[in-house]
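Single-structure report; data block below.
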Amino acid sequence: MPVRHFSIARLSLVALLLAGTSTQAADGTISFTGEIVAANCTIPTAATTVTLPKVSTSAFGASGTRAGQKAFQLVLKCAAGTTGRNKVSVRFTGDDTQVDPVTGLFLLTSDSTAKDVGIAVYDANDDWVKAADNDSTPPVDIVAGDDTTVISLSAWYQSTAATVTAGTVKASGNIEIVYQ
Numbered sequence: 001m002p003v004r005h006f007s008i009a010r011l012s013l014v015a016l017l018l019a020g021t022s023t024q025a026a027d028g029t030i031s032f033t034g035e036i037v038a039a040n041c042t043i044p045t046a047a048t049t050v051t052l053p054k055v056s057t058s059a060f061g062a063s064g065t066r067a068g069q070k071a072f073q074l075v076l077k078c079a080a081g082t083t084g085r086n087k088v089s090v091r092f093t094g095d096d097t098q099v100d101p102v103t104g105l106f107l108l109t110s111d112s113t114a115k116d117v118g119i120a121v122y123d124a125n126d127d128w129v130k131a132a133d134n135d136s137t138p139p140v141d142i143v144a145g146d147d148t149t150v151i152s153l154s155a156w157y158q159s160t161a162a163t164v165t166a167g168t169v170k171a172s173g174n175i176e177i178v179y180q
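Residue numbers are given in full-length UniProt numbering: position 112 of the sequence shown equals residue 112, and the series is strictly consecutive.
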């Protein structure tokens with residue numbers, strides 16, 4: 001009897017192993033290409049502060065309303081001709097305490113006292129450059145012989161509700177340089 005029990009167990013194991021196999025066939029291929037370039041553009045000042053104007057809560061009439069435009073420029077120092085690329089742009093990123101991945105707004109820090117508002121950044125064409133959305137500014141030429149590249153932007157308060165609570169506004173995120 002013990003011999004038969006051992007044989008049944010062995011047959012059961014073989015049957016389970018055979019039942020678990022599958023057949024695979026390649027229906028196509030996938031290829032990846034890319035390029036890694038030397039980081040030859042930098043932002044000379046590690047921290048850029050944009051001070052928006054004071055705006056009344058009455059400037060916001062509905063969720064998504066923007067008010068209080070402040071134009072600013074990001075000045076990049078680029079070693080011309082050494083990146084292998086001739087254009088550069090920027091995009092904005094941050095963790096989930098800095099940017100809202102759904103709205104693309106910079107979120108207020110915990111020490112802000114205003115409520116139901118975020119910060120939106122727009123490019124020189126007045127197109128929204130959503131943070132955390134892989135949006136980037138339009139590419140700007142890296143000028144040969146000139147190590148300064150300027151990207152013009154504007155920051156706005158943007159409401160996230162019909163009514164905005166008055167108070168201080170502070171927000172921050174990261175800037176990434178994109179080579180093209």
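Where a beta carbon is used, it is the ideal one built from N, C-alpha and C, also for glycine. As the structure is a computational prediction, the values presented were derived from the model and not from experiment.
Item to check | Outcome for phenylalanine 106 when other beta-carbon atoms lying within 10 angstroms are tallied against a minimum of 16 | outcome: For the purposes of this step, residue 106 is taken as residue 106 along the sequence shown, with counting starting at 1. Buried.
Item to check | Best match in Val178, Tyr179 and Tyr157 for proximity to valine 169 [C-alpha to C-alpha] | outcome: Within the sequence shown, numbered from 1, the residue matching residue 169 stands at position 169. Taking only the C-alpha atoms, the option nearest valine 169 is Tyr157.
Item to check | Per DSSP, cross-strand counterpart(s) of isoleucine 175 | outcome: In the sequence shown, counting from the first residue as 1, residue 175 sits at position 175. According to DSSP, which records beta bridges pairwise, isoleucine 175 is partnered with Phe92.
Checklist entry - Is serine 154 helix, strand or coil when you go by DSSP? => result Along the sequence shown, read from residue 1 onward, the residue named residue 154 stands at position 154. Three-state result, serine 154: strand.
Next on the checklist: DSSP three-state label for alanine 120, please.
Outcome noted: For the purposes of this step, residue 120 is identified with residue 120 of the sequence shown, where counting begins at 1. Strand.
Checklist entry - Can you tell me whether isoleucine 30 is buried or exposed, with buried defined as 16 or more other CB within 10 angstroms of its CB? => result By 1-based counting over the sequence shown, the position of residue 30 is 30. With fewer than 16 other Cβ atoms within 10 Å, it is exposed.
Item to check | Selected residue, minimal CA-CA separation from threonine 57, among Ala67, Leu76 and Thr48 | outcome: Along the sequence shown, one-based indexing puts residue 57 at 57. It is Ala67 whose Cα lies nearest to the Cα of threonine 57.
Next on the checklist: Here's the rule: buried if 16 or more other CB atoms are within 10 angstroms of the residue's CB, otherwise exposed. What is threonine 48?
Outcome noted: Translated into the one-based positions of the sequence shown, residue 48 becomes position 48. Burial call: exposed.
Checklist entry - Which one or two residues does DSSP pair with aspartate 141 in a beta bridge? => result The sequence position of residue 141 within the sequence shown is 141, counting from 1. For aspartate 141, which the question treats as bridged, DSSP gives the partners Lys87.
Checklist entry - Exposed or buried, phenylalanine 32, counting other C-beta atoms within 10 Å across all chains shown (16 or more means buried)? => result Locating residue 32 in the sequence shown gives position 32, where the first residue counts as 1. So phenylalanine 32 counts as exposed.
Checklist entry - Between the beta-carbon of valine 90 and the beta-carbon of isoleucine 175, is there less than 8 Å? => result Taking the sequence shown and counting its residues from 1, the one referred to as residue 90 is at position 90. Taking the sequence shown and counting its residues from 1, the one referred to as residue 175 is at position 175. It is a contact, given that the beta carbons lie within the stated cut-off.
Item to check | Element boundaries [beta strand (DSSP E), containing glycine 68] | outcome: To locate residue 68, count along the sequence shown from 1; it is residue 68. 66-78 is the span of the beta strand (DSSP E), which, as asked, contains glycine 68.
Checklist entry - What do you get for methionine 1, buried or exposed, if any count of 16 or more other CB atoms within 10 angstroms of its CB means buried? => result Taking the first residue of the sequence shown as position 1, residue 1 is located at position 1. Interpretation of methionine 1 is limited by its pLDDT of 49, a score under 50 that renders its predicted location unreliable; no figure is taken from the coordinates.
Item to check | Neighbour-count burial assignment, isoleucine 151, 16 or more Cβ in a 10 Å radius | outcome: Taking the first residue of the sequence shown as position 1, residue 151 is located at position 151. When all chains shown are included, isoleucine 151 counts as buried.
Checklist entry - Do you know how far the Cα of alanine 155 is from the Cα of leucine 108? => result Locating residue 108 in the sequence shown gives position 108, where the first residue counts as 1. Locating residue 155 in the sequence shown gives position 155, where the first residue counts as 1. Straight-line Cα distance between these residues: approximately 14 Å.
Item to check | Inter-residue CB distance, threonine 97 and alanine 132 (contact presumed, cutoff 8 Å) | outcome: On the sequence shown, position 97 is the one that residue 97 refers to. On the sequence shown, position 132 is the one that residue 132 refers to. The pair is not a contact, with the Cβ atoms about 12 Å apart (cut-off 8 Å).
Checklist entry - Going straight from the alpha carbon of proline 101 to that of isoleucine 43, what length do you get? => result Here residue 101 corresponds to residue number 101 of the sequence shown, with the count starting at 1. Here residue 43 corresponds to residue number 43 of the sequence shown, with the count starting at 1. Approximately 24 Å between the Cα atoms of the pair.
Item to check | With 16 other Cβ atoms within 10 Å as the buried cut-off, status of lysine 77 | outcome: Along the sequence shown, read from residue 1 onward, the residue named residue 77 stands at position 77. The residue is exposed, with fewer than 16 neighbouring Cβ atoms inside 10 Å.
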